[in-house]
Amino acid sequence: MPQPVKDGFVRLVGPIARALVRSGVKPNVVTTVGTLVVLGAAAAFWRGAPHWGGALLLASGLLDILDGQVARQGGLTTTFGAFYDSTLDRVGESAIFGGIALWFQHGGVPAERAPLAVGLSIAALVSSLLVSYTRARAEGLGLEAKVGIAQRAERFVLLGVPTLFFGAGRDGALLFWIVVVLAVATTITVLQRVVHVARVSATATRVPTPRRDTLPGRAPQRKGS
């Protein structure tokens, strides 16, 4: 998503964030509420109410921005808060694709297309989780991996906006093709991040691996024994 668009959303939630900070609301509370909203979106997709699913998904995206703003403006940024937010993000994504897969399986698309639709939903979920994992693992190694065509914001917009206005389409066709695009785009994003980390790590300072004095699983023998 272009940076000016992201900045626009930040400005949109800025006054709300300041009001919450003044009221003493903690960012983890906002994170929890956002997760409950995205779980509601997942339930809406599962029950065949894609308009509501799209609306709640987009609302949860705004809450995802809001919790970060509350943390920064209130000086409440913590290591646990970042961990908690990231963990619940993965819970939300799993629920969304799980809800869509259940809807596909139970009549959301024609029966002959259901196995493919469910498989693509699972593929989109796995790739979405890998998008997040590759970034987290790279950052754990001291590298940055924010590249890619389908980051979290793009995925929310691609799924939320069309379903909000047009639902799932005739015989679920629109939602089916959205999932196809998400599965492909997230897979490409994972590959982009792997290639990026490979390039960056090749020029990074290599940490020498300490030489083992014994075979794996063997304790060193004491002198004189």
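Quick note, the working numbering runs 7 ahead of the 1-based positions in the sequence shown. Built from N, CA and C at the ideal position, the CB exists for glycine as well. If you're wondering where the values come from, they're calculated on a predicted model, not measured in any experiment.
Residues near residue i by beta carbon distance below 6 Å, same chain, minus five either side
i: S6; result: Residue 6 lies beyond the stretch modelled for the chain, which goes from 8 to 232, so this question has no answer here.
i: L83; result: P34
i: W59; result: A51
i: A145; result: A152 and V204
i: Q158; result: none
C-beta contact flag for residue i and residue j at 8 Å
i: I103; j: A48; result: yes
i: I72; j: F16; result: yes
i: L166; j: L137; result: no
i: E100; j: S135; result: yes
i: F183; j: A124; result: yes
i: Q80; j: V28; result: yes
i: V186; j: L109; result: no
i: A121; j: F111; result: yes
Range of the contiguous alpha helix (DSSP H) that encloses residue i
i: S67; result: P57 to Q80
i: T210; result: A180 to T210
i: F111; result: F111 -> no alpha helix (DSSP H), and no H or E assigned at all.
i: Q158; result: Premise fails: Q158 is in no alpha helix (DSSP H) and is neither H nor E.
i: K13; result: Q10 to R29
i: G147; result: A121 to G147
Chain-order list of residues whose beta-carbon lies under 8 Å from that of residue i (same chain, five-residue window excluded)
i: K230; result: Its pLDDT being 44, under 50, K230 is placed unreliably by the model, and nothing is read from it.
i: K13; result: A160
i: Q199; result: V154, G155 and I156
i: L69; result: F16, L19 and V20
i: L95; result: T38, T39, G41 and T42
Alpha carbon of residue i to alpha carbon of residue j, nearest angstrom
i: P223; j: A205; result: With a pLDDT of 49 at P223, under the threshold of 50, the modelled position of that residue is not reliable, and the figure given next carries that caveat. Taking the straight line from one Cα to the other gives about 28 Å.
i: D178; j: V116; result: 5 Å
i: A26; j: Q10; result: 25 Å
i: L132; j: E161; result: 14 Å
i: I156; j: I195; result: 8 Å
i: A51; j: P57; result: 6 Å
i: G31; j: A175; result: 40 Å
i: G105; j: G61; result: 15 Å
i: G88; j: P22; result: 21 Å
i: A78; j: Y140; result: 23 Å
i: L63; j: A143; result: 26 Å
i: R54; j: G114; result: 11 Å
i: Q76; j: T193; result: 27 Å
i: A24; j: T86; result: 20 Å
i: V207; j: V201; result: 10 Å
i: T210; j: V197; result: 21 Å
Spatial neighbours of residue i in its chain, beta-carbon cut-off 7 Å, leaving aside the 5 residues before and after
i: D74; result: P34, V37, T38, G41 and D92
i: V98; result: T42
i: H203; result: A152 and V154
Supposed contact pair residue j and residue i - C-beta distance, whole angstroms, cut 8 Å
i: L65; j: L171; result: 6 Å
i: L181; j: P169; result: 6 Å
Cβ of residue i within 8 Å of any chain B Cβ
i: A89; result: Structure shown: chain B not included; a single protein chain is present.
Residue i Cβ short of 7 Å to the ligand NAD heavy atom set
i: L181; result: Absence of the ligand NAD from the depicted structure is noted, as is the absence of any ligand whatsoever, leaving it without description.
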